[in-house]
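Visitor:
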Amino acid sequence: MLDAQHLTKTYESPSGPLTVLNDVSFSLGRGDSAAIMGPSGSGKSSLLYVVGGLEPPTSGVVRLGVQNPYAMTPAALAAFRNAKVGFVFQDHCLLPQCTVLENVLVPTLVGEVDAAAPERARTLLEHVGLGSRLDHRPAALSGGEKQRVAIARAMIRQPHLLLCDEPTGNLDADSADRVAELLLALHHEQQTVLLVVTHSDALAKRFHKRWHIVRGRLSTGHASPTPPDIEPH
Ligand SMILES: Nc1ncnc2c1ncn2[C@@H]1O[C@H](COP(=O)(O)OP(=O)(O)OP(=O)(O)O)[C@@H](O)[C@H]1O
Ligand SMILES: [Mg+2]
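Just so you know, we're using the working numbering here: the sequence shown kicks off at 31 and counts up by one.
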């Protein structure tokens with residue numbers, strides 16, 4: 031389970047401190063999924079980085095299971111992230127010099143030797159419809175295919191937490207739909223906690239929860255005021 035309590039994040043900038051997350055709290059259990067929506071610059075990517083162990087909060091606590099990643103040594107944190115967290119970044123971040131298969135295997139190259147990884151990578155790539163593209167380099171893939179490689183790479187270590195930053199942002203409606211299908215199928219199979227940033231209502235509707243973030247404040251829906259009763263005339 032992912033638990034975030036009273037997270038704030040303030041960046042130092044030339045014009046002074048900039049608070050991009052403001053008292054953000056939520057919990058998601060195993061197999062839960064949530065979409066995060068909000069305007070550009072509202073703090074969506076920052077929130078994923080903080081809960082994914084990439085960027086420490088200025089205050090507040092993140093826990094994945096019983097572990098607080100920011101209480102770990104840098105080496106333990108890197109190992110934790112590699113084993114427990116899968117990231118699909120806003121611009122997919124594939125290594126241009128590596129083939130599709132090698133890109134998916136990158137997270138398995140650190141830590142203990144994982145002899146079963148190549149077979150698992152092939153199976154995942156079959157699953158995402160890229161079984162015939164194993165030797166392509168990213169430049170020789172379509173946008174949707176790159177996105178699917180990024181998803182396979184995020185899933186290769188069977189993470190407990192999967193964080194996706196606009197995974198269908200650059201895709202046409204049909205490809206977006208296929209990528210969303212795939213993401214949900216993998217999420218369901220592996221019972222990850224899934225957090226997806228998206229601007230698409232159609233995609234957001236497919237997750238258990240839909241949350242909104244505006245100027246660093248997350249509303250999870252529970253606090254929305256009930257409209258006042260209006261007496262019919
Ligand atoms: N390292 C940094 N230092 C200073 N300011 C930053 C830093 N990273 C992000 N910001 C600022 O924090 C705010 C939130 O950024 P963030 O990337 O989380 O937004 P976002 O909601 O993901 O936006 P988008 O939809 O455009 O991707 C932005 O105004 C951005 O300029
Ligand atoms: Mg962003």
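Don't be surprised by glycine CBs; every beta carbon is placed ideally from N, CA and C.
Would you call the CB atoms of Lys-176 and Leu-124 closer than 9 Å?
Guide: Against a cut-off of 9 Å, the Cβ pair of Leu-124 and Lys-176 comes out as a contact.
Visitor: In this structure, how does DSSP classify Arg-183 when only helix, strand and coil are distinguished?
Guide: Looking at Arg-183 - three-state DSSP - the assignment turns out to be helix.
Visitor: Quick one: what's got a C-beta closer than 6 Å to Pro-257's C-beta in the same chain, skipping five residues either side?
Guide: For Pro-257, the predicted model reports a pLDDT of 43, less than 50, meaning its position is unreliable and no value from the coordinates is stated.
Visitor: Have a look at Gly-59, Asp-62, Gly-90, Val-80 and flag the residue whose alpha-carbon is nearest the alpha-carbon of Asp-22.
Guide: Given that the chain is displayed from residue 31 to residue 263, the structure contains no residue 22 and the question cannot be resolved.
Visitor: Please give me, in chain order, every unbroken run of the alpha helix (DSSP H) with length at least 4 that falls completely inside the segment 95–166.
Guide: Within the segment 95–166, the complete alpha helix (DSSP H) runs of at least 4 residues are 104–114, 130–135, 147–157.
Visitor: What span of residues does the beta strand (DSSP E) with Ser-57 cover, start to end?
Guide: Run containing Ser-57: 46–58, per the beta strand (DSSP E) assignment.
Visitor: List the DSSP bridge partners of His-242.
Guide: Met-67, Ser-249.
Visitor: At which residues does the alpha helix (DSSP H) containing Gln-220 begin and terminate?
Guide: Here the alpha helix (DSSP H) through Gln-220 covers 203–220.
Visitor: Would you kindly work out how many angstroms separate the C-alpha atoms of Thr-88 and Asp-62, rounded to a whole number?
Guide: When rounded, the distance between both Cα atoms is 26 Å.
Visitor: Could you pull the DSSP bridge partners for Glu-42 from this structure?
Guide: In the DSSP output, where bridge partners are listed per residue, Glu-42 has Pro-47.
Visitor: Please classify Ala-222 as buried or exposed, where buried requires at least 16 other C-beta atoms within 10 Å of its C-beta.
Guide: In the sequence as presented, Ala is not what sits at residue 222; that position holds Thr. Label assigned to Thr-222: buried.
Visitor: So which residues touch the region around ligand 2, with touch meaning a C-beta under 7 Å from any heavy atom?
Guide: Result: Lys-74, Ser-75, Gln-120, Asp-195, Glu-196, Val-227.
Visitor: Figure out for me which residue from Leu-58, Gly-46, Gly-68 has the closest Cα to the Cα of Leu-248.
Guide: Selected option, being the one with the closest Cα: Gly-68.
Visitor: List the whole-angstrom C-beta distance separating Leu-264 from Ile-243, where the pair is believed to meet the contact cut-off of C-beta under 8 Å.
Guide: Past the boundaries of the shown model lies residue 264; the chain is included only from 31 to 263, so the question cannot be answered.
Visitor: If distances are taken between C-alpha atoms only, which option among Gln-35, Thr-153, Gly-174, Ser-70 comes closest to Asn-98?
Guide: Nearest C-alpha to Asn-98: Gln-35.
Visitor: Measure the C-alpha to C-alpha separation of Leu-192 and Leu-225 and round it to an integer number of angstroms.
Guide: Between Leu-192 and Leu-225, the C-alpha separation is close to 6 Å.
Visitor: Excluding sequence positions up to five away, which residues of its chain have a Cβ less than 7 Å from the Cβ of Ala-169?
Guide: Around Ala-169: Pro-126.
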